[in-house]
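**Student:** Residue numbers (numbering that gives the first Met the number 0): 0 to 260.
What follows is a structure written as structure tokens; I'll ask about it next.
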Amino acid sequence: MTEAMQAAMTATTAATTAAPAQAATDEPLLDVVRLNAGYAGMPVLRDVSLSIRAAEIVALVGANGAGKTTLLRALSRLIDAQGELRFGGRSLAGASADAVFSLGLVQVPEGRQLFDRMSVEDNLMMGAYRRRDGAAIGADLERVYAIFPRLGERRRQWAGSMSGGEQQMCAMGRALMARPRLVMIDEMSLGLAPVIVDLLCDTLLDIRRQGVTVLLVEQDVHAALAVADRGYVMETGRIVREGSARELADDPQVQRAYLGM
Ligand code: ATP
């Protein structure tokens, strides 16, 4: 099982504890202070600090290799990291990946990581396989189909035979079946046509309306800043800019480096 698959699967443990709805508040849901992480002694993340409030949509953008996926792995506790990490008011120091997911910090991995030869619905149900609240699972499945009607239409189709956009919807729907408090979506737009990216961005607003906070890791900076409330720019393992999505979109350096202007 790949690390990303582990992330997707362990996410399901969120079901038993995570609350489906949360109100906007100034108290950060996720608070990261001076996080450092890397691979085999090679540093990648350098003093990364960020915070996300409940019900925000926050974009994390940056070039290839900037360290975005590494940050998500560190937040999910799939790799070791030094620094302060708090989620829902609790320190995650020493917490296992499983424990982090149990608290409702759920990742949609890059590349989607679906079970190709399973139906859409069975893939979605994998997101809830540890849940014991049967009636609520059925209701959540219908909620996912309401957000992504195409998944409902194709619920019996093999996931591997779906289009890239539909597969991304399925991966996002699977994460929602775990009842996350914060969903971290890695490269949502990868390989997708702009019209599909717009559609997926619209669904992020629906997901937020359901009370789920969103951290969107994107190389499509234009799309990410169009939907996000706030954003962070990462370069070579450091946060080099942060601000409202509007401020970042209007920043000449961001425009030159990431928006082709
Ligand atoms: P992309 O948008 O291309 O996915 P990214 O911003 O997500 O890039 P990361 O995947 O976090 O960047 O990679 C950051 C750095 O860490 C890169 O230099 C990469 O080569 C390195 N890296 C990533 N994964 C590993 C790994 N498993 N072992 C060693 N180095 C790694």
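A virtual CB, placed ideally from N, CA and C, is assigned to each residue, including glycine.
Quick caveat, the model's predicted, so the values are computed rather than measured.
Using DSSP bridges, identify the partner residues of Ile27.
**Tutor:** As a working note, residue 27 is residue 28 in the sequence shown. Here residue 27 is Pro; the residue named in the question, Ile, does not match the sequence. Pro27 pairs with Arg52.
**Student:** If you scan the region 206-250 from start to end, which runs of the beta strand (DSSP E) of 3 or more residues do you find wholly inside it?
**Tutor:** Qualifying beta strand (DSSP E) stretches, in chain order: 212-217, 229-234 and 237-243.
**Student:** Which one or two residues does DSSP pair with Arg89 in a beta bridge?
**Tutor:** To locate residue 89, count along the sequence shown from 1; it is residue 90. In DSSP, Arg89 forms a bridge with Phe86.
**Student:** I believe Glu55 touches Arg229 by the beta-carbon criterion, under 8 Å. Please report the beta-carbon distance rounded to the nearest angstrom.
**Tutor:** The sequence position of residue 55 within the sequence shown is 56, counting from 1. The sequence position of residue 229 within the sequence shown is 230, counting from 1. Contact flag correct, Cβ pair sits at about 6 Å.
**Student:** At a cut-off of 8 Å, is Met176 close to the ligand ATP when judged by its beta-carbon and the heavy atoms of the ligand?
**Tutor:** As a working note, residue 176 is residue 177 in the sequence shown. Incorrect: Met176 has no Cβ contact closer than 8 Å to the ligand ATP.
**Student:** With a threshold of 8 Å (Cβ to nearest heavy atom), would Asn122 be considered close to the ligand ATP?
**Tutor:** Working through the sequence shown from its first residue, we reach residue 122 at position 123. False, no ligand heavy atom lies under 8 Å from that Cβ.
**Student:** Check whether the Cβ atoms of Asp219 and Glu109 sit closer than 9 Å, and answer yes or no.
**Tutor:** Here residue 219 refers to the residue found at position 220 when the sequence shown is read from its first residue. Here residue 109 refers to the residue found at position 110 when the sequence shown is read from its first residue. Not closer than 9 Å, so no.
**Student:** On a Cα-Cα basis, can you pick out the residue from Ala256, Ala222, Leu214 and Ala248 that is closest to Leu59?
**Tutor:** Locating residue 59 in the sequence shown gives position 60, where the first residue counts as 1. Checked all of Ala256, Ala222, Leu214 and Ala248; the closest Cα to Leu59 is Leu214.
**Student:** Suppose you measure from the CA of Leu104 to the CA of Arg72; what does that come to, to the nearest Å?
**Tutor:** For this step, residue 104 is matched to residue 105 along the sequence shown. For this step, residue 72 is matched to residue 73 along the sequence shown. Roughly 11 Å separates the two Cα atoms.
**Student:** Which partner residues of Leu70 appear in the DSSP bridge assignment?
**Tutor:** The residue you call residue 70 lines up with position 71 of the sequence shown. Partner(s): none; Leu70 has no beta bridge.
**Student:** Under a Cβ-count criterion, where at least 16 other Cβ atoms within 10 Å of its own Cβ denotes burial, should Ala22 be classed as buried or exposed?
**Tutor:** By one-based count along the sequence shown, residue 22 stands at place 23. Residue placement at Ala22 cannot be trusted, given a pLDDT of 49 that sits under 50; what the coordinates show is reported in the next sentence. So Ala22 ends up on the exposed side.
**Student:** Keeping to the same chain, check which residues put their C-beta closer than 8 Å to that of Asp197; ignore five residues upstream and five downstream.
**Tutor:** Walking along the sequence shown from the start, residue 197 turns up at place 198. Taken in chain order, the residues that qualify are Ala222.
**Student:** Can you tell me whether Asn122 is helix, strand or coil according to DSSP?
**Tutor:** Numbered from its first residue, the sequence shown carries residue 122 at position 123. Residue state, collapsed to three classes: helix.
**Student:** Start and end of the alpha helix (DSSP H) containing Asp139?
**Tutor:** By 1-based counting over the sequence shown, the position of residue 139 is 140. Run containing Asp139: Gly133 to Ile146, per the alpha helix (DSSP H) assignment.
**Student:** What residues are listed by DSSP as bridge partners for Gln106?
**Tutor:** Taking the first residue of the sequence shown as 1, we reach residue 106 at position 107. Answer by DSSP bridge pairing, in chain order: Met183.
**Student:** Taking 8 Å as the cut-off, is the beta-carbon of Gly259 closer than that to any non-hydrogen atom of the ligand ATP?
**Tutor:** Within the sequence shown, numbered from 1, the residue matching residue 259 stands at position 260. Every heavy atom of the ligand ATP is 8 Å or more from the Cβ of Gly259, so no.
**Student:** Put Tyr38 into one of helix, strand or coil per three-state DSSP.
**Tutor:** Counting from 1 along the sequence shown, the entry for residue 38 is found at position 39. Note: Tyr38 maps to strand in three-state DSSP.
**Student:** Relative to the alpha-carbon of Met41, which residue among Arg33, Thr69 and Val31 has its alpha-carbon at the smallest distance?
**Tutor:** The residue you call residue 41 lines up with position 42 of the sequence shown. Among Arg33, Thr69 and Val31, the Cα nearest to that of Met41 belongs to Thr69.
**Student:** Using a 10 Å radius around the Cβ and a threshold of 16 neighbouring Cβ atoms, would you call Gln167 buried or exposed?
**Tutor:** The residue given as residue 167 occupies position 168 in the sequence shown. So Gln167 counts as buried.
**Student:** Which residues bound the alpha helix (DSSP H) around Ala170?
**Tutor:** Counting from 1 along the sequence shown, the entry for residue 170 is found at position 171. That run of the alpha helix (DSSP H) goes Gly163 to Leu175.
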